[in-house]
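These protein sequence lines are chains A and B, in that order. Using my numbering, the letters of the first sequence map in sequence onto residues 1 to 149. Using my numbering, the letters of the second sequence map in sequence onto residues 150 to 566. C-beta atoms are modelled at their ideal positions from N, C-alpha and C, and glycine is treated no differently. Okay, structure first, notes after.
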Amino acid sequence: MSELSELYQETILEHNKNPRNFREIEDARYTADGNNPLCGDALRVYVKMDGDTVSDVAFKGSGCAISKASASMMTQTLKGKDREEADALFDEFHRMVTGDLDIETQDNKLGKLKIFAGVLEFPARVKCASLSWHTVHAALHGEDVVSTE
Amino acid sequence: MAKPESALRDVAAWNVEKIREDFPVLTQTVNGKPLVYLDNAASSHVPRLVIDRGSKYLAEEHSNIHRGVHYLSQNATTAYEAAREKVKRFINAPDVKECIFVRGCTEGVNLVAHSYGRKFIGKGDEILVSQMEHHSNILPWQQIAEDKGAFLKVIPINERGELISEEFERLLNERTKMVAISHVSNSLGTVNPVKEMVETAHKFGVPVLVDAAQSVPHFPVDVQDLDCDFFVFSGHKMYAPTGSGVLYGKRKWLDQMPPYQTGGGMIRTVSFEGSTYAPIPEKFEAGTPAIAAGIGLGAAIDYINSIDFAAAARYEHELLEYATARLADIPGVRIIGTASEKASVLSFEVEGVHPHDIGTILDQQGIAIRAGHHCAQPVMKFFDVPATARASFAFYNTREEVDKLADAVQKVKEVFA
């Protein structure tokens with residue numbers, strides 16, 4: 001059960017239960033929809049900008065604990081970051097959950113997001129963890145729908 | 150279905166441990182736990198007999214069929230056609246030529262939708278499917294309806310997941326050109342009254358296609374008794390390899406229908422001015438088929454014939470009832486699909502836990518279930534759930550495995566408490 005506890009850590013379970021920034025932003029500059037048609041995860045991400053900086057970011061939708069917790073923690077992390085920083089975090093997160101970034105040995109700014117490195121052991125769940133990141137990336141780059149199937 | 154008393158006697162008579170010895174895959178461990186395989190509705194496992202038959206074919210008999218005059222080709226052809234003969238007897242088809250080998254149920258439905266549809270469906274016509282269909286029995290019809298300017302009509306279901314038969318009768322009319330209906334729902338387990346539905350549809354002169362993917366593996370069927378016009382199923386859900394499947398169709402339709410795919414093996418003459426086609430079944434079997442898989446399907450039928458399949462069906466039904474009772478006992482568990490007639494499938498949700506998380510936690514206990522929409526999004530929409538967890542049983546599953554499932558679902562609740 002060690003692997004399982006590594007995936008469903010207390011922090012993830014807590015964010016699943018009480019997701020942060022789980023709301024709409026009416027005057028968002030960007031919104032995008034993310035879907036994982038395979039499992040039915042569906043979320044909408046809202047981004048509000050102040051110049052080049054993310055001044056507010058939130059999400060709504062339904063999904064598994066991993067996708068919900070990932071979206072919740074993503075919104076906490078991205079607030080106050082500029083586009084470049086957001087893109088860099090997306091890249092690092094994506095590489096972490098697909099096994100291209102070793103968080104132990106390679107420099108990164110993932111901080112508490114490292115908790116999602118555990119999904120590497122659960123290939124079927126990688127897309128759950130990365131759905132919100134793909135969606136916010138699409139939002140910031142002017143695409144409005146993203147699918148992770 | 151069997152009465153409880155007689156069912157109990159059958160369960161005692163069914164030697165599941167002996168049956169399990171026939172399925173090599175069942176002895177392995179997953180994540181350090183003995184494999185508990187409850188994903189049979191997605192794909193079932195193959196008995197030793199089928200594995201050995203496939204190996205023997207590949208090792209000793211392989212060649213292209215219906216082509217060569219040489220020894221191997223003739224042997225392969227004989228073995229492949231023997232499998233077709235087994236299919237005919239298994240479903241009690243009147244004529245072996247009415248049994249067409251396809252890649253699986255999906256290809257079978259597509260074949261009928263596109264070939265029958267091309268010939269018999271026109272502008273303003275109607276095709277009847279049900280709310281509980283698998284996507285593979287919706288999308289081919291939706292496509293042909295869009296192509297032809299026809300309409301897809303939907304037979305509704307009630308909150309137990311049963312078809313509303315009065316609505317079915319109301320939807321039938323002189324514009325209806327096809328009724329396409331599942332024998333057993335893959336997402337709910339509902340056994341539909343297809344025999345009665347065929348009778349009703351025939352009163353309007355409407356042919357019926359039965360998607361038998363989830364029925365054929367679980368209880369004996371007889372296409373002449375059902376009197377359906379088309380009957381499709383996959384081998385890999387009935388203890389045979391993937392890539393095998395059958396479309397049975399009444400000759401009166403098949404003879405009139407144009408080829409679905411064209412190519413080698415299905416022609417009479419070919420010229421640039423025009424070509425003529427072989428009679429059934431070859432007309433619908435263009436190209437080299439999955440020969441090993443087809444022979445494997447024949448072996449799977451041999452296996453089913455070697456056991457007491459009617460007793461297996463009663464045992465499975467008892468197992469499903471036991472599993473239903475065990476899970477229903479757990480607070481926060483909701484069973485999706487509570488029809489009075491069910492087979493094999495137990496869909497459920499656990500309050501506050503996404504089915505994907507259930508699936509992952511069960512997998513860590515060595516328990517394989519399916520979590521998702523089961524290619525039945527209209528069903529998910531009806532029950533207002535994004536997805537369900539689904540345990541599906543075969544005659545090699547045991548009560549102990551059901552107990553493990555129930556314990557693991559308790560564990561899910563603890564993790565997410």
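Going by DSSP, what residue range makes up the alpha helix (DSSP H) through residue i?
{"i": "Cys-128(A)", "result": "126 to 140"}
{"i": "Met-529(B)", "result": "526 to 531"}
{"i": "Cys-248(B)", "result": "Unbroken run through Cys-248(B) is the beta strand (DSSP E), 248 to 251; no alpha helix (DSSP H)."}
{"i": "Ala-520(B)", "result": "Taken as a continuous stretch (DSSP letters only), Ala-520(B) belongs to no alpha helix (DSSP H), being part of the beta strand (DSSP E) at 519 to 521."}
{"i": "Phe-300(B)", "result": "From DSSP, Phe-300(B) is part of no alpha helix (DSSP H) but of the beta strand (DSSP E) over 300 to 304."}
{"i": "Ser-455(B)", "result": "440 to 455"}
{"i": "Gly-289(B)", "result": "Contrary to the premise, residue 289(B) reads as Pro rather than Gly in this sequence. Taken as a continuous stretch (DSSP letters only), the alpha helix (DSSP H) holding Pro-289(B) covers 288 to 297."}
{"i": "Ala-262(B)", "result": "254 to 269"}
{"i": "Lys-401(B)", "result": "400 to 403"}
So, helix, strand or coil for residue i, using DSSP?
{"i": "Cys-64(A)", "result": "coil"}
{"i": "Ser-489(B)", "result": "coil"}
{"i": "Gly-394(B)", "result": "strand"}
{"i": "Gly-310(B)", "result": "coil"}
{"i": "Glu-275(B)", "result": "strand"}
{"i": "Ala-557(B)", "result": "helix"}
{"i": "Glu-6(A)", "result": "helix"}
{"i": "Pro-153(B)", "result": "Annotation note: pLDDT 47 at Pro-153(B) (below 50); position unreliable, coordinate value reported separately. Note: Pro-153(B) maps to helix in three-state DSSP."}
{"i": "Asp-144(A)", "result": "coil"}
{"i": "Phe-544(B)", "result": "coil"}
{"i": "Asp-512(B)", "result": "helix"}
{"i": "Val-502(B)", "result": "strand"}
{"i": "Val-45(A)", "result": "strand"}
{"i": "Leu-321(B)", "result": "coil"}
{"i": "Phe-565(B)", "result": "coil"}
{"i": "Thr-473(B)", "result": "helix"}
{"i": "Arg-409(B)", "result": "Note on identity: in this sequence residue 409(B) is Tyr, with Arg being the wrong assignment. Tyr-409(B) falls in the coil class under three-state DSSP."}
{"i": "Val-57(A)", "result": "strand"}
{"i": "Leu-162(B)", "result": "First, the residue type needs correcting, since residue 162(B) is Ala and not Leu in the sequence shown. Residue state, collapsed to three classes: helix."}
{"i": "Ile-12(A)", "result": "helix"}
Checking 7 Å against the spacing of the C-beta atoms, do residue i and residue j come in under that value?
{"i": "Thr-411(B)", "j": "Ile-485(B)", "result": "no"}
{"i": "Tyr-388(B)", "j": "Pro-196(B)", "result": "yes"}
{"i": "Asn-546(B)", "j": "Leu-468(B)", "result": "yes"}
{"i": "Leu-126(B)", "j": "Met-281(B)", "result": "Only positions 150 to 566 of chain B appear in this structure, which leaves residue 126(B) out of reach."}
{"i": "Ile-270(B)", "j": "Ala-299(B)", "result": "yes"}
{"i": "Asp-82(A)", "j": "Thr-53(A)", "result": "yes"}
{"i": "Ala-520(B)", "j": "Gly-508(B)", "result": "yes"}
{"i": "Ser-383(B)", "j": "His-332(B)", "result": "no"}
{"i": "Gly-481(B)", "j": "Val-499(B)", "result": "yes"}
{"i": "Phe-380(B)", "j": "Val-355(B)", "result": "no"}
{"i": "Ser-279(B)", "j": "Ile-304(B)", "result": "yes"}
{"i": "Ile-276(B)", "j": "Leu-260(B)", "result": "no"}
{"i": "Val-251(B)", "j": "Leu-396(B)", "result": "yes"}
Does the beta carbon of residue i fall short of 6 Å from some heavy atom of the ligand ADP?
{"i": "Gly-80(A)", "result": "The model depicted lacks the ligand ADP and carries no ligand whatsoever."}
Starting from residue i, follow the beta strand (DSSP E) in both directions and report where the run begins and ends.
{"i": "Lys-326(B)", "result": "325 to 331"}
{"i": "Phe-497(B)", "result": "494 to 499"}
{"i": "Ile-416(B)", "result": "416 to 418"}
{"i": "Phe-239(B)", "result": "Unbroken run through Phe-239(B) is the alpha helix (DSSP H), 220 to 240; no beta strand (DSSP E)."}
{"i": "Asn-35(A)", "result": "30 to 36"}
* Asked: Could you give the uninterrupted runs of the alpha helix (DSSP H) lying entirely in the segment 340 to 387 of chain B, keeping only those of 4 residues or more?
  -> 343 to 352 and 372 to 375
* Which runs of the alpha helix (DSSP H) spanning at least 4 residues fall entirely within the segment 62 to 98 of chain A, listed in chain order? -> The segment 62 to 98 of chain A is shown to contain whole alpha helix (DSSP H) runs of 4 or more residues at 65 to 78 and 83 to 97, in chain order.
* **Touch test, the segment 54 to 74 of chain A against the segment 131 to 145 of chain A, Cβ-Cβ under 8 Å, three pairs minimum** => yes
* Is it a yes or a no for the segment 368 to 375 of chain B touching the segment 222 to 229 of chain B, going by three-plus beta-carbon pairs under 8 Å? -> no
* Enumerate, from N- to C-terminal direction, the unbroken alpha helix (DSSP H) stretches of 4 or more residues contained entirely within the segment 175 to 216 of chain B. => 197 to 205
* Examine the Cβ distances between the segment 203 to 222 of chain B and the segment 549 to 556 of chain B and report whether three or more of them are shorter than 8 Å. => no
* May I ask you to list, following chain order, the residues of the segment 34 to 49 of chain A that have a beta carbon less than 7 Å from some beta carbon of chain C? => Judged by its chain identifiers, the structure shown contains no chain C, and its protein chains are A and B.
* Asked: For the 8 Å Cβ check, are there 3 or more pairs between the segment 162 to 172 of chain B and the segment 107 to 118 of chain A?
  -> no
* To do: Could you tell me whether the segment 304 to 321 of chain B touches the segment 470 to 479 of chain B, where touching means 3 or more Cβ pairs closer than 8 Å?
  => no
* **Validate contact between the segment 438 to 449 of chain B and the segment 198 to 208 of chain B using beta carbons, cut 8 Å, 3 pairs** => yes
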